[in-house]
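To keep things clear, I will list the structure first and then write my remarks on it.
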Amino acid sequence: MMRDALDFRRKFITPQLMLEFYAGIRAAKDRYSLISQFEIPPATGLAFKIGRGQIARFNISHGPQIVDLDIFNAQDPRQRLWANHTMNSEGFWLSTFSRLWSNLPNSRPLATIVEDTVETDQSCGPARHHHIFGGHCNPQEWYRATGKRGLPNCYENLCASVAPFGLSPDAIHDNLNLFQKTLLTNDGMLRTVRSDARVGDFVDFFAETDVLLAAALCPRGSGGTELSDPDQERYPVTVQVFQSGFLPTPFE
Ligand SMILES: [Zn+2]
Numbered sequence: 013m014m015r016d017a018l019d020f021r022r023k024f025i026t027p028q029l030m031l032e033f034y035a036g037i038r039a040a041k042d043r044y045s046l047i048s049q050f051e052i053p054p055a056t057g058l059a060f061k062i063g064r065g066q067i068a069r070f071n072i073s074h075g076p077q078i079v080d081l082d083i084f085n086a087q088d089p090r091q092r093l094w095a096n097h098t099m100n101s102e103g104f105w106l107s108t109f110s111r112l113w114s115n116l117p118n119s120r121p122l123a124t125i126v127e128d129t130v131e132t133d134q135s136c137g138p139a140r141h142h143h144i145f146g147g148h149c150n151p152q153e154w155y156r157a158t159g160k161r162g163l164p165n166c167y168e169n170l171c172a173s174v175a176p177f178g179l180s181p182d183a184i185h186d187n188l189n190l191f192q193k194t195l196l197t198n199d200g201m202l203r204t205v206r207s208d209a210r211v212g213d214f215v216d217f218f219a220e221t222d223v224l225l226a227a228a229l230c231p232r233g234s235g236g237t238e239l240s241d242p243d244q245e246r247y248p249v250t251v252q253v254f255q256s257g258f259l260p261t262p263f264e
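In terms of this note's numbering, the sequence shown is residues 13 to 264.
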């Protein structure tokens with residue numbers, strides 16, 4: 013087992029002052045106060061708002077489960093997660109102290125990961141979790157894999173989840189592939205393998221402003237099976253929202 017992502021960020025990416033601020037939040041996690049808790053069923057989507065300074069914790073409560081996570085500024089949803097810039101600034105795979113950036117013209121951090129307990133087993137190759145350069149599964153992809161129409165998929169679940177907030181499908185662009193384990197193969201392909209996330213693992217997102225989070229629990233479940241497999245290993249995910257006791261500072 014290797015856990016070098018945090019050391020990498022410490023050395024090369026996050027400036028010291030910023031690191032100390034987020035490390036302080038992380039160190040206070042036993043003192044966060046719980047605001048709400050709910051479960052998202054497998055192969056469904058749900059969107060919810062949290063305020064600036066609050067934490068959304070995505071818990072692996074039943075078994076390894078990929079979550080496609082989209083983020084919007086709740087005050088102005090035209091400001092949304094921008095995967096390209098996040099990848100350029102933070103790396104291909106995100107972890108503790110990674111920041112999730114919005115699109116132009118007001119590119120700004122929407123949320124920062126302040127804890128990621130998932131440990132990656134790299135015995136299968138140079139794999140990591142939580143990549144930012146993937147998209148979301150969609151009706152066409154499932155049809156090509158199975159020959160069936162009408163199967164649940166992350167794109168339609170994300171679209172449905174944001175509809176109650178007045179957003180059309182046009183709002184759905186980039187997302188984080190939370191808990192998904194991927195590796196780059198020698199021929200340059202990105203391959204998904206079964207997530208190493210275990211029951212009890214979680215990832216904490218600190219809201220840098222009021223945000224709308226849209227989460228789709230991928231029908232591909234743990235990622236351990238191909239799309240064409242009729243039996244996908246799927247689990248619910250438990251979300252907790254906390255008051256962190258901290259307010260964002262303008263590291264931009
Ligand atoms: Zn999916």
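Note that the Cβ used here is the ideal one computed from N, Cα and C, for glycine as well.
Bear in mind the structure is a predicted one, so any value in this text is a computation, not a measurement.
- Here Pro164 is buried, its C-beta having at least 16 other C-beta atoms within 10 Å.
- Not a single heavy atom of ligand 1 lies less than 7 angstroms from the C-beta of Asp82.
- In the structure shown, Lys160 adopts coil according to DSSP, grouped into three states.
- Pro117 is classed as exposed because its beta carbon has fewer than 16 other beta carbons within 10 Å across all chains shown.
- Bounds of any alpha helix (DSSP H) do not take in Phe191; it lies within the beta strand (DSSP E) bounded by 188-196.
- In the three-state reduction of the DSSP assignment, Ser173 falls in the helix class.
- The set of residues with CB atoms less than 5 angstroms from any heavy atom of ligand 1 reads, in chain order, Cys149, Cys166, Cys230.
- Under the three-state reduction of DSSP, Ile37 is assigned to helix.
- Beta bridge pairing from DSSP links Asn71 with Phe214, Thr250.
- Sequence-distant Cβ neighbours of Leu81 in its own chain, meaning closer than 6 angstroms and more than five residues away, are Asn187, Leu188, Leu190, Ala227.
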